[in-house]
Structure formats: C-alpha cells, structure tokens
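Take a look at the structure set out below.
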C-alpha cells in the first residue's frame, strides 16, 4: 500500500481462507470494540493465523467483497 495516510490502518487477524482463492479471507479487527468478522479480498496472499496491518475499503457494489489493502 503506497498511501502514506496511516490514520485508518488497523491490525486484522486472518481466521479463514476461501479454499479456491488464497486472497479471499475471513478477518477480524484485533483491537476494535466492534469485533465483527467479515469476508474480504486481500491485495496480496495471506495465511490463516497471520496478523496483517492494513485498511478495509468497502466497494460501491454490495455484491463485491470489501478489499483489505495490506500495508507494505
């Protein structure tokens, strides 16, 4: 992620992956009061159990998964 704005970066724990695509994942925010997990599409490959720092970006179309932009 090249955006230098770190105001919206959070830590996410990867709980599960879609069996057919290792970029579609089920994540939960690590330190949020609203700890509701969600499915999303990551901008890079990740593994179950990883904690990644990034930003969850909603999509315009409700049929598309939000994108998890993982920090470089």
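Numbering (our numbering), first residue to last: 6 to 77.
Backbone N, C-alpha and C define an ideal beta-carbon position, used for all residues, glycine too.
Note that the structure is predicted; figures quoted are calculated from it, not measured.
Residue i - containing beta strand (DSSP E), residue span
| i | result |
| --- | --- |
| residue 17 | 15 to 23 |
| residue 40 | It is not in any beta strand (DSSP E) - residue 40 carries neither H nor E in the DSSP assignment. |
| residue 66 | Element bounds for residue 66: n/a, residue is neither H nor E. |
Given residue i as reference, the closest of the options once Cα atoms are compared
| i | options | result |
| --- | --- | --- |
| residue 75 | 28, 66 and 69 | 28 |
| residue 67 | 50, 55, 52 and 44 | 44 |
| residue 16 | 70, 64, 42 and 69 | 42 |
| residue 77 | 23, 39 and 51 | 51 |
Pair within 8 Å by beta-carbon distance, residue i and residue j
| i | j | result |
| --- | --- | --- |
| residue 20 | residue 13 | no |
| residue 56 | residue 35 | yes |
| residue 59 | residue 70 | no |
Opposing strand residues paired with residue i [DSSP bridges]
| i | result |
| --- | --- |
| residue 51 | For residue 51, which the question treats as bridged, DSSP gives no partner whatsoever. |
| residue 73 | 47 and 61 |
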